[in-house]
Amino acid sequence: MSTAAPTEKKPSRNEELKTAIPTLAGNIAATLADSSAACFSADDEQFLKFHGIYQQDDRDLRKTGKLYIWMIRGRIPGGVLSAKQWIAMDDLATQRANNTLRVTTRQSIQFHGVVKDRLGPLMKEINQAMVDTLAACGDVNRNVMASPAPAISVARQQVFEDSKLVSEKLLPQTKAYHSIWVDGVQLNLDSAENKDFVDPLYGKTYLPRKFKTAFVIPPVNDVDLFTNCLGFVAIIENDQVVGYNLTAGGGMGRSHGNTITYPRLADVVGYFPRHRLVDVAKAVLTVHRDFGDRTDRKHARLKYVLQEKGVEWFRAEVEARIGAKLEDAKPVRFITTSDTYGWQKGMDGKWFLTLFVSSGRIKDTETVLQKTALRRVAERFDSVEFRLSANQNVLLCNVSDAEKDGITALLHEHGVKTEKQAGILHLAAMSCPSMPTCGLGLAESERFLPSLLDRIQALTAEVGIGDQEIIIRMTGCPNGCARPYMAEIGFVGKGPGRYQVWLGGNENGTRLNKVWKEMMKDTEIETELRPLLLRYKSERLDGERFGDWVERVFWKDQPPVTTAS
Ligand code: SF4
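Each step along the sequence shown adds one to the number in this note's numbering, with nothing skipped, and position 248 is 253.
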């Protein structure tokens with residue numbers, strides 16, 4: 006095994022913070038207890054992330070003052086919650102947050118708009134529900150994803166168990182989380198025990214940046230596997246997981262105007278038998294720990310290590326760390342990244358229902374009481390399992406023949422459709438939260454995308470391709486939380502009402518898109534898209550998707566912008 010090359014550049018500020026307080030406790034508990042403190046310090050803001058918490062302010066109110074609010078993200082491996090846990094999450098959203106539950110693109114739940122005096126109770130109660138938020142953000146392994154469907158088979162359960170195992174084994178060991186949020190006690194930062202704390206896996210300074218892990222069951226790539234730092238492709242024989250293909254070095258985040266940052270697809274590294282899973286996960290994580298760039302957080306992801314050192318180097322490094330050779334990857338095929346909506350029967354005879362959640366926001370509106378309906382399902386059908394999908398939807402699983410009609414009727418009573426749940430573009434779209442809660446948002450996303458999809462749907466109908474699915478994703482900034490660089494049309498916020506537009510992703514999540522327009526005003530989207538869609542209609546091959554036509558034809562006439570700014 007080689008050792009990390011010394012760097013002459015100065016470590017980033019976050020590295021200094023982690024070194025100074027390796028328990029990640031900061032002064033969080035003291036500030037939480039101080040009712041005169043409106044918010045946490047800038048340093049504690051960084052520590053809070055390791056606890057699954059982002060300090061934010063309501064950006065709609067900035068002109069009149071600053072209202073601090075907090076976003077809390079759950080750690081929910083594989084996105085699985087029991088009915089009882091769902092009720093607890095619903096209670097927290099109602100009583101402690103903004104009365105909505107947001108399904109994230111990594112199969113978790115976020116609570117938004119939490120004010121300071123509700124933060125402590127929310128954190129305590131989420132832990133009482135046997136869900137925690139430790140390492141949901143921060144320079145550590147984040148929520149581990151796993152294909153939510155097909156809903157029930159032996160192999161799917163094994164993959165889910167493996168995702169939970171990896172999540173547990175890659176957790177940081179600091180006792181600060183429990184001390185602050187469960188016991189309400191500020192750690193003594195000056196004690197030798199806390200000052201000299203070294204995490205057995207992460208060391209004193211954790212990772213250079215975040216780390217994302219996903220498990221997938223081919224041929225459905227419903228976790229967008231290649232966007233992850235670490236990926237496991239289940240290899241299944243006779244409904245048993247026998248091993249995994251390892252992928253590494255994917256990631257979406259980039260910064261406008263910074264060409265050392267870019268989205269990247271993961272490399273396929275090799276295959277290993279299932280019993281090596283935890284060793285391989287730790288090996289990949291520690292390669293990031295040891296070789297990631299600690300001087301520039303924008304360039305600190307594992308994807309840059311893969312890009313700059315190469316997959317052969319990486320494979321040798323992993324092999325040295327696990328003490329075994331990886332085999333060549335097994336052949337697999339992916340066909341789609343989508344969820345299949347509606348009722349389906351699982352292999353064990355139980356039913357599952359995939360419900361569309363617009364932009365991942367579960368809420369009640371005047372006509373559709375989705376939040377109430379899901380709660381009622383959890384209350385009345387307590388053996389139903391709730392699964393969150395990476396496409397921001399909810400699956401109701403483990404449903405018997407006898408329960409199916411009752412659940413359908415209950416949902417319909419609340420205005421929630423179980424068939425033809427939304428328009429074809431809406432069903433395939435995703436957006437990040439952005440305004441008004443995310444401090445990094447440059448443009449609207451969640452609040453704008455549904456109306457934009459209506460406009461684009463009207464345009465596709467006018468052009469004569471109204472029944473064509475096109476995967477459209479939007480984010481308020483280039484960090485890419487809703488994975489816009491995989492979309493057939495990706496909108497990335499550049500400023501208020503302005504978007505960079507990317508074209509040419511594919512259906513199965515194996516191709517990045519490219520920049521078409523550096524900047525497009527939201528009011529001009531139809532004008533810009535109309536000629537493109539007309540060309541697609543006249544030039545497409547039988548059954549050819551929009552993104553595939555862009556790749557096959559459009560870029561040859563009009564090469565993409567090569568250096569996105
Ligand atoms: Fe915020 Fe940017 Fe992520 Fe959207 S993509 S939630 S704006 S960080």
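Ideal Cβ positions, reconstructed from N, Cα and C, are used throughout, including at glycine.
Subject >> Expected contact under 8 Å - CB spacing of G514 and L230 to nearest Å >> reply: Translated into positions along the sequence shown, residue 514 becomes position 509. Translated into positions along the sequence shown, residue 230 becomes position 225. With 8 Å as the limit, G514 and L230 qualify as a contact, their Cβ atoms being about 7 Å apart.
**OP:** Check whether the Cβ atoms of G331 and I412 sit closer than 9 Å, and answer yes or no.
**Re:** For the purposes of this step, residue 331 is taken as the residue at position 326 of the sequence shown. For the purposes of this step, residue 412 is taken as the residue at position 407 of the sequence shown. First, the amino acid is wrong: residue 331 is Leu here, not Gly. Not closer than 9 Å, so no.
Original post:
Where the beta carbon is closer than 6 Å to any heavy atom of the ligand SF4, which residues qualify, in chain order?
Top reply: C437, P438, S439, C443, L445, G446, S450, T480, G481, C482, N484, G485, C486
Subject >> V171 versus I327: straight-line alpha-carbon distance, rounded >> reply: Position 166 of the sequence shown, counted from the start, is the residue given in the question as residue 171. Position 322 of the sequence shown, counted from the start, is the residue given in the question as residue 327. So the alpha carbons of these two residues sit roughly 15 Å apart.
**OP:** Under the assumption that A305 contacts D295 (Cβ atoms under 8 Å), give the Cβ distance between them as a whole number of angstroms.
**Re:** As a first step, residue 305 is located in the sequence shown; it is residue number 300 there, counting from the start. As a first step, residue 295 is located in the sequence shown; it is residue number 290 there, counting from the start. About 13 Å; that fails the 8 Å criterion.
Original post:
Taking the alpha-carbon positions, what's the I530 to V273 distance?
Top reply: Mapped onto the sequence shown, residue 530 falls at position 525. Mapped onto the sequence shown, residue 273 falls at position 268. For I530 and V273, the distance between alpha carbons rounds to 37 Å.
Original post:
How would you call A102, buried or exposed, if buried means at least 16 neighbouring beta carbons within 10 angstroms?
Top reply: The residue you call residue 102 lines up with position 97 of the sequence shown. It counts as buried.
Subject >> Three-state secondary structure assigned by DSSP to Y59 >> reply: Here residue 59 is taken as the residue at index 54 of the sequence shown, counted from 1. Strand, per DSSP.
Original post:
Can the beta-carbon of Q312 be found less than 9 Å from the beta-carbon of G258?
Top reply: Translated into positions along the sequence shown, residue 312 becomes position 307. Translated into positions along the sequence shown, residue 258 becomes position 253. Not closer than 9 Å, so no.
Original post:
Nearest CA to the CA of R18: which residue from H280, V221, R302?
Top reply: Against the sequence shown, residue 18 aligns to sequence position 13. It is R302 whose Cα lies nearest to the Cα of R18.
Subject >> Backbone CA spacing between D410 and C234 [nearest angstrom] >> reply: Numbered from its first residue, the sequence shown carries residue 410 at position 405. Numbered from its first residue, the sequence shown carries residue 234 at position 229. Taking the straight line joining both Cα atoms gives about 41 Å.
Subject >> Close beta carbons around F339, own chain, < 7 Å, minus the five adjacent residues each side >> reply: Translated into positions along the sequence shown, residue 339 becomes position 334. For F339, where only same-chain residues beyond five positions count, the Cβ hits under 7 Å are P223, P224, N226, N513, G514, T515.
**OP:** Measure the C-alpha to C-alpha separation of L415 and G79 and round it to an integer number of angstroms.
**Re:** Walking along the sequence shown from the start, residue 415 turns up at place 410. Walking along the sequence shown from the start, residue 79 turns up at place 74. When rounded, the distance between both Cα atoms is 27 Å.
**OP:** Would you identify the three-state DSSP class for N32, choosing helix, strand or coil?
**Re:** Along the sequence shown, one-based indexing puts residue 32 at 27. Here N32 sits in coil by DSSP.
Original post:
How close, in whole Å, do the beta carbons of S436 and G446 come, if the pair is a contact with beta carbons under 8 Å?
Top reply: As a working note, residue 436 is residue 431 in the sequence shown. As a working note, residue 446 is residue 441 in the sequence shown. Going by Cβ atoms, the distance from S436 to G446 rounds to 11 Å, so no, they are not a contact pair.
**OP:** Put Y490 into one of helix, strand or coil per three-state DSSP.
**Re:** For the purposes of this step, residue 490 is identified with residue 485 of the sequence shown, where counting begins at 1. Looking at Y490 - three-state DSSP - the assignment turns out to be helix.
**OP:** Sort T232, D562, V228, D167 by Cα distance to R540 and report the nearest one.
**Re:** If you number the sequence shown from 1, residue 540 lands on position 535. Checking every option, the nearest Cα to that of R540 belongs to D562.
Original post:
Would you say L251 and F220 are within 9 Å of each other, going by their C-beta atoms?
Top reply: Residue mapping note: residue 251 aligns to position 246 of the sequence shown, counting from 1. Residue mapping note: residue 220 aligns to position 215 of the sequence shown, counting from 1. No, Cβ-Cβ distance for L251 and F220 is not below 9 Å.
Original post:
Is it right to say P536 is buried, meaning 16 or more other beta carbons lie within 10 angstroms of its own, or is it exposed?
Top reply: Along the sequence shown, one-based indexing puts residue 536 at 531. The residue is exposed, with fewer than 16 neighbouring Cβ atoms inside 10 Å.
**OP:** Leaving aside the five residues before and after V289 along the sequence, list all residues of the same chain whose C-beta is less than 8 Å from its C-beta, in chain order.
**Re:** Stepping through the sequence shown from its first residue, residue 289 is reached at position 284. Taken in chain order, the residues that qualify are C234, L235, L251, A253, L307, V323.
Original post:
Are L3 and S364 closer than 9 Å when you measure CB to CB?
Top reply: Examination of residue 3 is not possible in this model, given that the chain is present from 6 through 570 alone.
Subject >> Inter-stretch contact at 8 Å, needing at least 3 Cβ pairs: the stretch 185-195 / the stretch 258-271 >> reply: no
Original post:
Does any residue of chain B bring its CB to less than 9 Å from the CB of M94?
Top reply: Looking at the structure shown, chain B is missing, and only one protein chain is on hand.
Original post:
Roughly how many angstroms separate the alpha carbons of G57 and H117, rounded to a whole number?
Top reply: In the sequence shown, counting from the first residue as 1, residue 57 sits at position 52. In the sequence shown, counting from the first residue as 1, residue 117 sits at position 112. So the two alpha carbons sit approximately 12 Å from each other.
Original post:
Tell me which same chain residues have a C-beta within less than 7 Å of the C-beta of V159, skipping the five on either side of it?
Top reply: As a working note, residue 159 is residue 154 in the sequence shown. Once the five neighbours on either side are set aside, the close Cβ partners of V159 are D244, Q245.
**OP:** Return the residue from the list G469, D167, W91, G125 that minimises the CA-CA distance to R279.
**Re:** If you number the sequence shown from 1, residue 279 lands on position 274. R279 has its Cα closest to that of D167, out of G469, D167, W91, G125.
**OP:** Compare the Cα-Cα distances from K519 to each of V497, L282, D459 and report the closest residue.
**Re:** The residue labelled residue 519 in the question sits at position 514 within the sequence shown. Comparing Cα positions, the closest option is V497.
Original post:
Are the Cβ atoms of T377 and D387 separated by less than 9 Å?
Top reply: Here residue 377 refers to the residue found at position 372 when the sequence shown is read from its first residue. Here residue 387 refers to the residue found at position 382 when the sequence shown is read from its first residue. Not closer than 9 Å, so no.
Original post:
When the distance is taken between beta carbons, is Q51 closer than 9 Å to G31?
Top reply: Here the question's residue 31 lines up with position 26 in the sequence shown. Here the question's residue 51 lines up with position 46 in the sequence shown. Closer than 9 Å, so yes.
Original post:
When you compare only the Cα positions, how much space is there between P11 and A34?
Top reply: One-based indexing of the sequence shown puts residue 11 at position 6. One-based indexing of the sequence shown puts residue 34 at position 29. Bear in mind that a pLDDT of 48 at P11, under 50, signals an unreliable position, so the number given afterwards is only what the model happens to contain. Looking at the two C-alpha atoms, the distance is approximately 36 Å.
Original post:
When we look at the beta-carbon of D144 and count the other beta-carbons within 10 Å, is it buried (16 or more) or exposed?
Top reply: Along the sequence shown, read from residue 1 onward, the residue named residue 144 stands at position 139. Counting Cβ neighbours within 10 Å, D144 comes out buried, since at least 16 surround it.
**OP:** Quick one: grab the DSSP three-state call for R147.
**Re:** What you label residue 147 is simply residue 142 of the sequence shown in a count that begins at 1. R147 falls in the coil class under three-state DSSP.
Subject >> Where L400 sits in the DSSP three-state scheme >> reply: The count along the sequence shown starts at 1 and reaches residue 400 at position 395. DSSP places L400 in strand when its eight states are reduced to three.
**OP:** Let me know the alpha helix (DSSP H) ranges lying completely inside the stretch 298-359, each 4 residues or longer, listed in chain order.
**Re:** 307-314, 316-327
**OP:** Give the single residue among Y73, R67, T69, T28 whose Cα lies nearest to the Cα of S46.
**Re:** If you number the sequence shown from 1, residue 46 lands on position 41. For S46, the nearest C-alpha among the options comes from Y73.
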